[in-house]
Every structure is written in structure tokens, then in C-alpha cells.
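In the working numbering, the protein residues as written are 2 to 199.
Ideal placement from N, C-alpha and C gives every residue a C-beta, glycine not left out.
For clarity, every value in this text was computed on a predicted model and none was experimentally measured.
The structure appears below as C-alpha cells.
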Amino acid sequence: MENRYLDWDRRTLEVQRTVSLQQLSKQTLSHVVRDLLNNVTSPSKPEVIEVSLASDLLAIKFNLNTMQINDDYPSALNLGTLRQIKTLSVSLPAVLGPYQEVHAVLRYASTHSLADGCKAIALSHGLDDNGQLQLDFNDGKYFPFEGIPINEGVFVLSFPNATTRQRELLISLTDVILHIRYTIRQAAVPRTATVSQP
Numbered sequence: 002m003e004n005r006y007l008d009w010d011r012r013t014l015e016v017q018r019t020v021s022l023q024q025l026s027k028q029t030l031s032h033v034v035r036d037l038l039n040n041v042t043s044p045s046k047p048e049v050i051e052v053s054l055a056s057d058l059l060a061i062k063f064n065l066n067t068m069q070i071n072d073d074y075p076s077a078l079n080l081g082t083l084r085q086i087k088t089l090s091v092s093l094p095a096v097l098g099p100y101q102e103v104h105a106v107l108r109y110a111s112t113h114s115l116a117d118g119c120k121a122i123a124l125s126h127g128l129d130d131n132g133q134l135q136l137d138f139n140d141g142k143y144f145p146f147e148g149i150p151i152n153e154g155v156f157v158l159s160f161p162n163a164t165t166r167q168r169e170l171l172i173s174l175t176d177v178i179l180h181i182r183y184t185i186r187q188a189a190v191p192r193t194a195t196v197s198q199p
């Protein structure tokens, strides 16, 4: 059992990738949001980012697969095939008034199994916001979204009160920035015992 732990507990490479949803979108994200909030119908184009408004809830849906994160460190480098999210945080470039918070929820909407309480985060300040009051790497619990493969997974970012209390904030929203911190490791390979020669 100890050998199995030692096989797995090897140092991993740690990487941060910053992704702008605006850059992935064929349309200007702020225009799409503004048109939805103003009930303006604009010609739709095939998109990798889906934006919808229903029952006062604005939702932005995206897939990690479209970000091609694996291509940053190609397999030819032999760094490892297991690439998993450690933490994920969000920045929301928008105009906030004094003492104004953001109210949003980022939810994992795919089937990868996660620990209880790790499938969603509530965003309140919108600046590299990971949904936690303090990020503590010494905490023994899993972080939200920890363990999700970086090449799969659908997420939905939802804003309640989109047409009322958060309307002005959302109209000023110019982008959604994801800060994806992930690890790269080799699959566990059993260690071979070394025998010293007499």
C-alpha cells in the first residue's frame, strides 16, 4: 500500500492558463449580453459560447474542450498524460459601484465524478474569484472542480436578477476571464526496487 502511495505521490508540474471567453467567441460577448437584456434579436452565428436569458437568469455556457489547453504542452514533450484542474477562478471585467458585489454561480455541468460540494462556486467579488473566502492549499479537502480533466467538461456561469438588480453590471460586462490552474503528471508506474551489488 505504501508503494502505491509513493507511485502516485510524485511531484507534478503546475501550470496556469488564462482564457478569455471573448476571444473564443465569434461575436462580441458584451453585445450579445446587451442584446439579450434589451430584447433585441440579432442574427445568430454558430458559437462555442452559448449565452441565454430565461426567467431573469443570464447563463453563459462553455466547454473546456474548445480551449485546446492540451496543445500548450504537447504530448511530444513527454511531460505526462494526466492533466487535471487544481483550481479554477473567474474575473469579470465590469463596472461596479462602490460596495457593490457580483452575484454569480459557476457550475460544472458534465458527468465527471467530483467530491460533494465541488461542483459549483458562488462568485461575489469577480476578481480572480475562486468562490472561497481564502484559498488554503494546506486544507485537506478537495477544491471546487479539482480533478476535472482539462480537455473535457461543460460549465455554466449564471447571473440571477439579470434584468433587475444586476442589469447595469451585466451591460458593462466586457468579457469573462478564466484562470485555470492545473497539474500535469505521468500515469502511475510501479517503482522498481533497486538492489545494491555486494
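Nearest-angstrom Cα distance between residue i and residue j?
{"i": "Lys142", "j": "Ala116", "result": "9 Å"}
{"i": "Ser31", "j": "Lys62", "result": "15 Å"}
{"i": "Val41", "j": "Arg168", "result": "15 Å"}
{"i": "Ser125", "j": "Gln23", "result": "21 Å"}
{"i": "Thr175", "j": "Glu102", "result": "17 Å"}
{"i": "Pro75", "j": "Tyr183", "result": "15 Å"}
{"i": "Arg166", "j": "Thr29", "result": "23 Å"}
{"i": "Arg253", "j": "Asn79", "result": "Any answer about residue 253 is impossible in this case: the structure gives the chain only from 2 up to 199."}
{"i": "Ile178", "j": "Ile185", "result": "22 Å"}
{"i": "Arg18", "j": "Lys120", "result": "20 Å"}
{"i": "Arg35", "j": "Ala55", "result": "14 Å"}
{"i": "Glu222", "j": "Thr112", "result": "Limits of the chain in this structure are 2 at one end and 199 at the other, which puts residue 222 out of reach."}
{"i": "Gln133", "j": "Gln69", "result": "27 Å"}
Taking 9 Å as the cut-off, decide whether the C-beta atoms of residue i and residue j are in contact.
{"i": "His104", "j": "Pro161", "result": "yes"}
{"i": "Ile181", "j": "Leu38", "result": "no"}
{"i": "Gly127", "j": "Ser159", "result": "no"}
{"i": "Gly1", "j": "Gln187", "result": "Because residue 1 is not part of the residues shown, which for the chain are 2 to 199, the question remains open."}
{"i": "Thr67", "j": "Leu25", "result": "yes"}
{"i": "Val157", "j": "Arg108", "result": "yes"}
{"i": "Ser64", "j": "Gly154", "result": "One point to set straight first is that residue 64 is Asn, not Ser, in the sequence displayed. Yes, Cβ-Cβ distance for Asn64 and Gly154 is below 9 Å."}
{"i": "Thr88", "j": "Asn139", "result": "no"}
{"i": "Leu97", "j": "Ala163", "result": "no"}
{"i": "Val16", "j": "Asp57", "result": "no"}
{"i": "Val106", "j": "Ile122", "result": "yes"}
{"i": "Leu170", "j": "Ala77", "result": "no"}
{"i": "Asp129", "j": "Ser90", "result": "yes"}
Determine the DSSP secondary structure at residue i, reduced to helix, strand or coil.
{"i": "Gln23", "result": "helix"}
{"i": "Thr67", "result": "helix"}
{"i": "Ala116", "result": "coil"}
{"i": "Asp130", "result": "strand"}
{"i": "Val33", "result": "helix"}
{"i": "Ile50", "result": "coil"}
Report back the beta-carbon spacing between residue i and residue j to the nearest angstrom; my notes put them in contact at under 8 Å.
{"i": "Lys27", "j": "Glu51", "result": "About 12 Å separates the two Cβ atoms, so there is no contact after all."}
{"i": "Ile149", "j": "Arg84", "result": "Actually they do not touch by this definition, with Cβ atoms about 10 Å apart."}
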